[in-house]
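One structure is given here, and the rest of the page talks about it.
And the structure:
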């Protein structure tokens, strides 16, 4: 360094001295304000370590930084203040039926959807977004942590701003000693204060084995927190909750038999291409291969289950209105070589009852109460059936679909799907079909034997069938009257019971008959 | 360690901390906020901070972290980081010519910039600077050497350029 350099650094020393003097002259600071700020920080310091630990588990680094910055510049009222003063929070433990009511969402605002984590459930607005910590960060140690973001945050993102409203639902680790006294009781579940800071509050709910960390707008947070309830999985595990299964239907598949609500559909996906082409709607029991689909004509997402052909899945049929909010808590039961997986929906009692009803039987094809095990060749003609496919005024109808011979690994004529239908609508559709003119029977070379049997129940409890050919000439018959299936009926049936893909050529065609 | 001790320490240290942060950031408002936050945190655990070998170093470290986050947040919010680019930073320097000098300081690499400011503006020892920066004392010494050389070079270039402009 030369003398000139030293002179230039002397300039730096001089400028520094001037800067210090300038700062000292313009502002002397307010030691009282700083000390008051320090006292406030000290008051929270005993628990702030806990909140930092919790958030370090559950939030991204950027989110933690945002919280920290919010602490410095945020003068908002602590959520704790409003939360503890809101009258909607009860302090009296509720009996189990009221816990069930809370789980089912009784009293929550219309449109709110449940979010489950382990034993706990929260109901959140439909605009809320749920992301798992693994989605954001990945890596080990992140499983079982959900971040429930409530607000106008882009779906699928993990970034939260300082003014975001969110709840972190995490599996309780209980690394800190629990305070001796409960701070709140919600729907019968005692909450203990785990950590408190000006911008975030963390609660332990040991009975539900979760820790809930809240941040942001207190009224909304308090409303959500007030819905704390047992998850569907927790409800499913209970055997003392009432549910009427007397009218449920028995389903048998391979070596397993179970009972399920009578209104649910059944779809054997063995006849679909890689298990995807049947668009399985809500309230459907889908049976068969669960694999990664190569082509899914109706956008059915890939299954993640990779069990062999004897897997069965049951969805309890309560659709979620917000695709971003997913229920966690599918429960599987293995019986010999067969497993049944219940994706628990809103009401965990249904899934629990299904699982408890499942038991092993002698191996057999799919059968469902109400459908013949194999398709009859010709139905017995009903009275008045020569003039109308569906005479009289039937009171009920079930629709049974049967595989054709072009589906690998299945036997022609075995049951492929079941669905209850609307008797009046189906009768009207069938009776509007154009009759086949008398004369020689046409040659129908493309008939693969796939059939749909529509079984009507009349006012006296008797039944009669209408059979529809899904291939070839697509004739419809009740044993006395023959019609063409027309353009509408195949789509109606496909919506009800799906259909097999065509495996006739190298090109696999899935979807409703064209 | 009493509140009076803290008040005395605060009165003595605050101008230097504030000056250092102002020089680093070019933002007197952000510097004042970070300074007060750092001292508030020091007061919150004054019984421990007061017994530290270099309480000033601890305070600088906290203040620098707070300032860094504040500036990052400002940058995310669309507010240009004046300290990094010169620009509209409000530097409480007494002489207009000092502004250019601080711009050169802020153009140094982050570690050199921090070391220079803590050494010259905050008048901290190498031990305190090491505590503030979370590095070894030897690292502080070498960093200061590099920073001085680079700053001297830049000042030389500036003087040469000014002379050329005048010619």
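Residue numbers (our numbering), protein chains in the order written: chain G, 10 to 523; chain U, 28 to 194.
Even glycine gets a Cβ: it sits at the ideal position worked out from N, Cα and C.
Quick caveat, the model's predicted, so the values are computed rather than measured.
**Request:** Decide if residue 1 of chain G is buried, meaning its Cβ has at least 16 other Cβ atoms within 10 Å, or exposed.
**Result:** In the structure as shown, chain G starts at 10 and stops at 523, and residue 1 of chain G therefore has no counterpart that could be examined.
**Prompt:** So which residues on chain G does residue 30 of chain U lean against when the C-beta distance must stay under 8 Å?
**Reply:** Stepping through the second chain from its first residue, residue 30 of chain U is reached at position 3. Going along chain G in sequence order, the residues near residue 30 of chain U (Cβ under 8 Å) are 44.
**Prompt:** For residue 88 of chain U, which residues of its own chain have a beta-carbon under 6 Å away from its beta-carbon, when the five flanking residues on both sides are left out?
**Reply:** Within the second chain, the letter at position 61 stands for residue 88 of chain U. 159, listed in sequence order.
**Prompt:** Shorter than 7 Å from the beta carbon of residue 225 of chain G to some beta carbon of chain U?
**Reply:** Taking the first residue of the first chain as 1, we reach residue 225 of chain G at position 216. Among the CB atoms of chain U, none fall inside 7 Å of the CB of residue 225 of chain G.
**Asked** Whose C-alpha, out of G/496, G/40, G/252, G/429, is nearest the C-alpha of residue 36 of chain U?
**Response** Position 9 of the second chain, counted from the first residue, corresponds to residue 36 of chain U. The candidate whose alpha carbon is nearest that of residue 36 of chain U is G/40.
**Request:** Would you mind stating whether residue 378 of chain G and residue 460 of chain G have Cβ atoms separated by less than 7 Å?
**Result:** The count along the first chain starts at 1 and reaches residue 378 of chain G at position 369. The count along the first chain starts at 1 and reaches residue 460 of chain G at position 451. No, Cβ-Cβ distance for residue 378 of chain G and residue 460 of chain G is not below 7 Å.
**Prompt:** Relative to the alpha-carbon of residue 122 of chain G, which residue among G/238, G/215, G/196, G/192 has its alpha-carbon at the smallest distance?
**Reply:** For the purposes of this step, residue 122 of chain G is identified with residue 113 of the first chain, where counting begins at 1. Answer by Cα proximity: G/238.
**Prompt:** Who does residue 484 of chain G pair with in a DSSP beta bridge?
**Reply:** Translated into the one-based positions of the first chain, residue 484 of chain G becomes position 475. According to DSSP, which records beta bridges pairwise, residue 484 of chain G is partnered with G/493.
**Prompt:** When DSSP labels each residue in this structure, what does residue 442 of chain G get in the three-state scheme?
**Reply:** On the first chain, residue 442 of chain G is found 433 positions in, with the first residue counted as 1. It is coil, neither helix nor strand.
**Prompt:** By DSSP, does residue 197 of chain G sit in helix, in strand, or in coil?
**Reply:** Here residue 197 of chain G is taken as the residue at index 188 of the first chain, counted from 1. Coil.
**Prompt:** residue 138 of chain U to residue 38 of chain U, Cα distance in whole Å?
**Reply:** Within the second chain, the letter at position 111 stands for residue 138 of chain U. Within the second chain, the letter at position 11 stands for residue 38 of chain U. C-alpha separation (whole angstroms): 27 Å.
**Message:** Tell me the rounded alpha-carbon separation between residue 475 of chain G and residue 342 of chain G.
**Reply:** By 1-based counting over the first chain, the position of residue 475 of chain G is 466. By 1-based counting over the first chain, the position of residue 342 of chain G is 333. Rounded to the nearest angstrom, the two C-alpha atoms are 37 Å apart.
**Request:** Determine which residues share a DSSP beta bridge with residue 132 of chain G and list them.
**Result:** The residue given as residue 132 of chain G occupies position 123 in the first chain. In the DSSP output, where bridge partners are listed per residue, residue 132 of chain G has G/123.
**Asked** What residue ranges within the stretch 41–68 of chain U form continuous beta strand (DSSP E) runs of no fewer than 3 residues, ordered along the chain?
**Response** Runs of the beta strand (DSSP E) spanning 3 or more residues and lying entirely within the stretch 41–68 of chain U do not occur at all.
**Message:** Which residue wins for smallest C-alpha separation from residue 136 of chain U, given the options U/78, U/174, U/180?
**Reply:** Start at 1 with the first residue of the second chain, and residue 136 of chain U comes out as number 109. The candidate whose alpha carbon is nearest that of residue 136 of chain U is U/174.
**Asked** Applying the criterion that 16 or more other CB atoms from any shown protein chain within 10 Å of the CB defines a buried residue, is residue 151 of chain U buried or exposed?
**Response** To locate residue 151 of chain U, count along the second chain from 1; it is residue 124. Flag for residue 151 of chain U reads buried.
**Message:** For a minimum of 3 consecutive residues, which ranges assigned as the beta strand (DSSP E) are wholly contained in the stretch 357–439 of chain G?
**Reply:** Within the stretch 357–439 of chain G, the complete beta strand (DSSP E) runs of at least 3 residues are 368–377, 405–411, 424–429.
**Asked** If residue 247 of chain U and residue 40 of chain U are in contact, beta carbons under 8 Å, what's the gap, nearest whole angstrom?
**Response** Only positions 28 to 194 of chain U appear in the structure, and residue 247 of chain U is not among them; the question remains open.
**Request:** Quick one: give me the first and last residue of the alpha helix (DSSP H) that residue 232 of chain G is part of.
**Result:** On the first chain, position 223 is the one that residue 232 of chain G refers to. Per DSSP, the unbroken alpha helix (DSSP H) holding residue 232 of chain G starts and ends at 227–234.
**Asked** Does any C-beta atom of chain G lie closer than 7 Å to the C-beta of residue 135 of chain U?
**Response** Mapped onto the second chain, residue 135 of chain U falls at position 108. Closer than 7 Å: no.
**Prompt:** Since residue 63 of chain U meets chain B, which of its residues come closer than 9 Å, beta carbon to beta carbon?
**Reply:** Checking the listed chains, one finds no chain B in this structure; the protein chains it contains are G and U.
**Request:** Check the Cβ-Cβ distances between residue 41 of chain U and every residue of chain G, and say whether any is below 7 Å.
**Result:** The residue labelled residue 41 of chain U in the question sits at position 14 within the second chain. So yes, residue 41 of chain U belongs to the interface.
**Asked** If you draw a straight line from the C-alpha of residue 155 of chain U to the C-alpha of residue 211 of chain G, how long is it?
**Response** Translated into the one-based positions of the second chain, residue 155 of chain U becomes position 128. Translated into the one-based positions of the first chain, residue 211 of chain G becomes position 202. Between residue 155 of chain U and residue 211 of chain G, the C-alpha separation is close to 37 Å.
**Asked** Whose C-beta lies closer than 6 Å to the C-beta of residue 51 of chain U among residues of the same chain, with five residues either side of it excluded?
**Response** The residue you call residue 51 of chain U lines up with position 24 of the second chain. 144, listed in sequence order.
**Item:** Spatial distance of residue 178 of chain U from residue 214 of chain G (CA atoms)
**Value:** Working through the second chain from its first residue, we reach residue 178 of chain U at position 151. Working through the first chain from its first residue, we reach residue 214 of chain G at position 205. Distance between the alpha carbons of residue 178 of chain U and residue 214 of chain G is about 58 Å.
**Item:** Close beta carbons around residue 491 of chain G, own chain, < 6 Å, minus the five adjacent residues each side
**Value:** Mapped onto the first chain, residue 491 of chain G falls at position 482. Here the set comprises 445, 484.
**Message:** Give me the subset of the stretch 18–34 of chain G whose CB atoms are less than 8 Å from a CB atom of chain U, sorted by chain position.
**Reply:** 18, 20, 21, 22, 24, 25, 27, 28, 29, 30, 31, 32, 33
**Identity of the residue in G/453, G/410, G/456 nearest residue 503 of chain G by Cα** = Residue mapping note: residue 503 of chain G aligns to position 494 of the first chain, counting from 1. That would be G/410, whose Cα lies nearest to the Cα of residue 503 of chain G.
**Message:** For a contact defined as C-beta to C-beta under 7 Å, what are the partners of residue 50 of chain G on chain U?
**Reply:** Here residue 50 of chain G refers to the residue found at position 41 when the first chain is read from its first residue. Result: 67, 68, 71.
**Item:** Environment of residue 414 of chain G [buried if 16+ CB atoms lie within 10 Å]
**Value:** Position 405 of the first chain, counted from the first residue, corresponds to residue 414 of chain G. Residue 414 of chain G is exposed by the Cβ-count criterion.
**Request:** Excluding the 5 residues preceding and the 5 following residue 574 of chain G in the sequence, name in chain order all residues of the same chain whose CB lies nearer than 6 Å to its CB.
**Result:** No statement about residue 574 of chain G is possible, as the shown extent of chain G runs from 10 to 523 and does not include it.
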